[in-house]
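When you read off a place in the sequence shown, starting at 1, and then add 6, the result is the number in our numbering.
For every residue, glycine included, the Cβ atom is placed at its ideal position computed from N, Cα and C.
Data first, discussion second: the structure below is written as structure tokens.
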Amino acid sequence: MEVVTTEKKALVRNLLNKLTEVVQECTWRINNTYSNGIDNTVLEIQIFEKKVQTGRIAFQLEDGHVINYRYKDLEKRIPIQIMDMLLDIIGYELDSNS
7 MEVVTTEKKA LVRNLLNKLT EVVQECTWRI NNTYSNGIDN TVLEIQIFEK
57 KVQTGRIAFQ LEDGHVINYR YKDLEKRIPI QIMDMLLDII GYELDSNS
């Protein structure tokens with residue numbers, strides 16, 4: 007299980023780094039908001055542009071399920087997986103920069 011969560015964290019970081027390439031002055035951070043120490047870890051991604059928070063995504067690390075999110079005026083749809091969510095955000099930014 008630890009290998010899976012480590013790989014998932016790496017994929018999330020890679021997609022967030024890709025977002026910083028697409029959006030100027032974009033930064034992010036990941037906070038661990040909850041863990042029962044066994045099989046339930048909730049992480050929160052905060053996304054900033056020019057030091058202003060533009061997004062917040064809470065997801066369960068073990069299965070990648072997004073619990074709740076907000077990103078600019080991106081239309082909400084749940085259930086969604088974290089990888090799909092981050093790809094949607096990157097696509098949204100690419101479309102808005104065109």
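Counting every other CB atom within 10 Å of its CB across the protein chains shown gives glycine 61 a total of 16 or more, marking it as buried.
Approximately 19 Å separates the beta-carbon atoms of glutamate 50 and valine 29; this is outside 8 Å, ruling out the contact. Your pair isoleucine 95 and tyrosine 77 checks out as a contact, with CB atoms roughly 6 Å apart and the cut at 8 Å. Following the DSSP letters along the chain, one finds isoleucine 73 inside the beta strand (DSSP E) bounded by residues 72 to 77. Using a Cβ distance threshold of 8 Å, methionine 91 and leucine 17 do not count as a contacting pair. A Cβ-Cβ distance of about 6 Å is found for the pair glutamate 68 and threonine 47, placing them in contact under the 8 Å criterion. A residue is called buried once 16 or more other Cβ atoms fall within 10 Å of its Cβ, and glutamate 99 is buried on that count.
Excluding sequence positions up to five before and after threonine 26, its CB lies within less than 6 Å of the CB of Cys32, all in the same chain and listed in chain order.
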